[in-house]
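Going by our numbering, the sequence shown opens with residue 383, and the numbers climb by one from there.
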Amino acid sequence: MAPDPFATSLDQINTLINELLTKYSSFKTPASYRGEDDPIIQAYLSQAYGGALDLADSYSSRTSGQTARGSYNAGNAALSQSEARHQALKALAAEYSGKYGEAVRNANSTRESEYTARKDVLAGLNDLIANRNKLLAAQKDWLTKSDELQFNRDQASFQNDLASQENQREIARFNTEAEQRNAEHDEKLSLENRWRSLTAKARLVSKIGRTAAGWTNSDDLLSDRLGVQLGYYDPWQRKLEVRVGNTGRK
């Protein structure tokens, strides 16, 4: 059978499918976050402010402590640490709300990119699987036709073998018949040679006599047998009759 023309392409597609499956499994499971709990937003703000947040935390801690030890406003409770931190952030970066908006947009863009990448991988997987199914169907058809062709070739070879065997039998039969004909011809030729020799001897008997010519009873029997075999004489028909009664016995 000829080499499978689809095997190489199927191996390549299977390799690509495995690579995309590995890539797809590397994507993190999408999760919902609110506000500053979003790790992407936190990472962006941390990068945007650098050490400013740590400085604000330190400042707010000092401010909160000092306020707790003796600084009260009329009708107001002491500033909490988070409020102090918020005031510190205002003091350090008035554009905090703008940076926060940038962080939100960055988070949305990052997740959109991840979603697009995930969608592209899935689309690629679907295309590869569809192409693989087409190749598998074409491979199945090719294998079926190849099997049919191989079966036809085997049948033709079988028929040729049968014909060859029949020819060999015919040749063997012809050779056997030819050998038989040759053997019969040789035997007849031998009989005729013996008959001619015997007839020559018989002619000599007619001239000089049986004894002088060396004619014997065996020559008589041989003459009769050869004459019958060569078709010159009809076979003798001998019959033995036995009679019982007054007529005697014969």
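Beta carbons: idealized from backbone N, C-alpha and C, even for Gly.
Could you give the distance in angstroms between the alpha-carbon of residue i and the alpha-carbon of residue j?
{"i": "G452", "j": "R500", "result": "Legend: pLDDT at G452 = 45, less than 50; position of this residue unreliable, no value from coordinates given."}
{"i": "S572", "j": "N564", "result": "12 angstroms"}
{"i": "Q541", "j": "E559", "result": "26 angstroms"}
{"i": "N508", "j": "A489", "result": "28 angstroms"}
{"i": "Q521", "j": "K405", "result": "29 angstroms"}
{"i": "S407", "j": "K481", "result": "33 angstroms"}
{"i": "K516", "j": "A389", "result": "13 angstroms"}
{"i": "S491", "j": "D523", "result": "48 angstroms"}
{"i": "R551", "j": "E561", "result": "15 angstroms"}
{"i": "L586", "j": "E574", "result": "18 angstroms"}
{"i": "T411", "j": "R487", "result": "20 angstroms"}
{"i": "H567", "j": "F556", "result": "16 angstroms"}
{"i": "E548", "j": "A512", "result": "54 angstroms"}
{"i": "R592", "j": "T598", "result": "7 angstroms"}
{"i": "Y497", "j": "Q394", "result": "27 angstroms"}
{"i": "F533", "j": "S495", "result": "56 angstroms"}
Is it right to say residue i is buried, meaning 16 or more other beta carbons lie within 10 angstroms of its own, or is it exposed?
{"i": "S588", "result": "exposed"}
{"i": "L504", "result": "exposed"}
{"i": "Y426", "result": "buried"}
{"i": "L643", "result": "The structure shown does not extend to residue 643, since the chain is modelled only from 383 to 632, so the question has no answer here."}
{"i": "I553", "result": "exposed"}
{"i": "I590", "result": "exposed"}
{"i": "A459", "result": "Confidence is the limiting factor: at A459 the pLDDT is only 45, short of 50, which leaves the residue's position unreliable, though a coordinate-based value still follows. So A459 counts as exposed."}
Pick from the options: whose alpha carbon is nearest that of residue i?
{"i": "R493", "options": "G591, T598, D420, D601", "result": "D420"}
{"i": "L612", "options": "W597, A582, W577, I590", "result": "W577"}
{"i": "L510", "options": "T390, A389, N396", "result": "N396"}
{"i": "D502", "options": "D606, F409, R607, S428", "result": "F409"}
{"i": "A485", "options": "Q424, F533, K522", "result": "Q424"}
{"i": "G609", "options": "K570, R592, W597", "result": "K570"}
Return the first residue and the last residue of the alpha helix (DSSP H) that residue i is part of.
{"i": "K405", "result": "389-408"}
{"i": "T598", "result": "Premise fails: T598 is in no alpha helix (DSSP H) and is neither H nor E."}
If we call anything under 9 angstroms between Cβ atoms a contact, is residue i one with residue j?
{"i": "G506", "j": "L402", "result": "yes"}
{"i": "L580", "j": "L604", "result": "yes"}
{"i": "S539", "j": "A384", "result": "no"}
{"i": "D386", "j": "L518", "result": "no"}
{"i": "K583", "j": "A594", "result": "no"}
{"i": "I422", "j": "R514", "result": "no"}
{"i": "Y615", "j": "D606", "result": "yes"}
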